[in-house]
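Just so we're aligned: 80 in my numbering is position 76 of the sequence shown, and the numbers increase by one with no gaps anywhere.
Heads up, the beta-carbon is just placed ideally off N, CA and C, and yes, glycines get one too.
What follows is a short report on a single structure.
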Amino acid sequence: MTTSPHRTAPRRGTGDRGQVAGIEVLPFGILMFIVGMLLVANAWGVVDAQLATTTAAREGVRAYVESPSASDARDRAVSAAAAAIVGYGRSPFSTTVDIETIGGRGWQRCSLAMVTVHHEVPLLLLPYIGGFGHAFDVVSRQTEVVDPFRDGVDGEAAC
Numbered sequence: 005m006t007t008s009p010h011r012t013a014p015r016r017g018t019g020d021r022g023q024v025a026g027i028e029v030l031p032f033g034i035l036m037f038i039v040g041m042l043l044v045a046n047a048w049g050v051v052d053a054q055l056a057t058t059t060a061a062r063e064g065v066r067a068y069v070e071s072p073s074a075s076d077a078r079d080r081a082v083s084a085a086a087a088a089i090v091g092y093g094r095s096p097f098s099t100t101v102d103i104e105t106i107g108g109r110g111w112q113r114c115s116l117a118m119v120t121v122h123h124e125v126p127l128l129l130l131p132y133i134g135g136f137g138h139a140f141d142v143v144s145r146q147t148e149v150v151d152p153f154r155d156g157v158d159g160e161a162a163c
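The structure is reproduced here in structure tokens:
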């Protein structure tokens, strides 16, 4: 068995033979990855806003029913809800707080108070830049009864 001395090894890297197609989809894949990550971040933003509004509504209604007087109740509820929103790192300027008593009885014994907190979630939230657009309104409600056995509260304990 003899080998030919003139035979050389094939040269690599010349021509298009063996080229694998598909390199053109890499930018599309990167774009899809970025869009997917933005969707996940936005979904977490909605969950976080729901936690913040639930806490704000709970703190607001608690401050309302534990107020020392009817004149202070609304102001204390709004400031407690705003403080809870700020505690979650959210803007109180994109939050509204509505306070009502069921049956229109006002702040008195056995009144059922309901605090509703609305918070706007931006369409796109970027770190250090802020939010763009308006995607969702997150709403939370909490109710509580003004204590029937407290001193200094109007009305009769008939709950």
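Exercise. Within the segment 25 to 78, note down every full beta strand (DSSP E) run reaching 3 residues or more, in order along the chain.
Key: When DSSP assignments are scanned along the segment 25 to 78, no uninterrupted stretch of beta strand (DSSP E) that is 3 or more residues long falls wholly within it.
Quiz prompt | Given residue 156 as reference, the closest of 49, 45, 75, 27 once Cα atoms are compared | solution = If you number the sequence shown from 1, residue 156 lands on position 152. Shortest Cα-Cα distance from residue 156 to any of 49, 45, 75, 27 involves 75.
Practice problem: Within the same chain, show all residues whose beta-carbon is closer than 7 Å to that of residue 98, passing over the 5 residues directly before and after it, in chain order. | Solution: In the sequence shown, the residue the question calls residue 98 occupies position 94. 123, 124, listed in sequence order.
Quiz item: In whole angstroms, what separates the C-alpha of residue 79 from that of residue 146?
Solution: Residue 79 sits at position 75 when you count from the first residue of the sequence shown. Residue 146 sits at position 142 when you count from the first residue of the sequence shown. Straight across, the Cα-Cα distance linking residue 79 with residue 146 is about 17 Å.
Exercise. Compare the C-alpha of residue 149 against each of 73, 46, 113 and name the closest.
Key: By 1-based counting over the sequence shown, the position of residue 149 is 145. Nearest C-alpha to residue 149: 113.
Quiz item: Is residue 81 closer than 7 Å to residue 67 when the C-beta atoms are compared?
Solution: Against the sequence shown, residue 67 aligns to sequence position 63. Against the sequence shown, residue 81 aligns to sequence position 77. Against a cut-off of 7 Å, the Cβ pair of residue 81 and residue 67 comes out as a contact.
Exercise. Out of 31, 102, 50, point me to the one whose CA is closest to residue 138's CA.
Key: Translated into positions along the sequence shown, residue 138 becomes position 134. With distances taken between Cα atoms, residue 138 lies closest to 50.
Practice problem: Starting from the C-beta of residue 141, find all residues in its chain whose C-beta is less than 8 Å away, skip the five residues before and the five after it, and write them out in chain order. | Solution: One-based indexing of the sequence shown puts residue 141 at position 137. Cβ within range, chain order: 122, 123, 124, 125.
Practice problem: For residue 89, count neighbouring C-beta atoms within 10 Å of its own C-beta (all shown protein chains included) and say buried if the count is 16 or more, exposed if not. | Solution: Locating residue 89 in the sequence shown gives position 85, counting from the first residue. With 16 or more Cβ atoms within 10 Å of its Cβ, residue 89 is classed as buried.
Quiz item: If you count every other CB in all the chains shown that lies within 10 Å of the CB of residue 39, and 16 or more means buried, which is it?
Solution: Taking the sequence shown and counting its residues from 1, one reaches residue 39 at position 35. Answer is exposed; the Cβ neighbour count stays below 16.
Quiz item: Where residue 117 and residue 101 are concerned, what is the direct C-alpha to C-alpha distance, given to the nearest angstrom?
Solution: Residue mapping note: residue 117 aligns to position 113 of the sequence shown, counting from 1. Residue mapping note: residue 101 aligns to position 97 of the sequence shown, counting from 1. Spanning the alpha carbons of residue 117 and residue 101 requires a straight line of approximately 13 Å.
Quiz item: Can you tell which of 158, 162, 70 has its C-alpha closest to the C-alpha of residue 110?
Solution: Walking along the sequence shown from the start, residue 110 turns up at place 106. The candidate whose alpha carbon is nearest that of residue 110 is 158.
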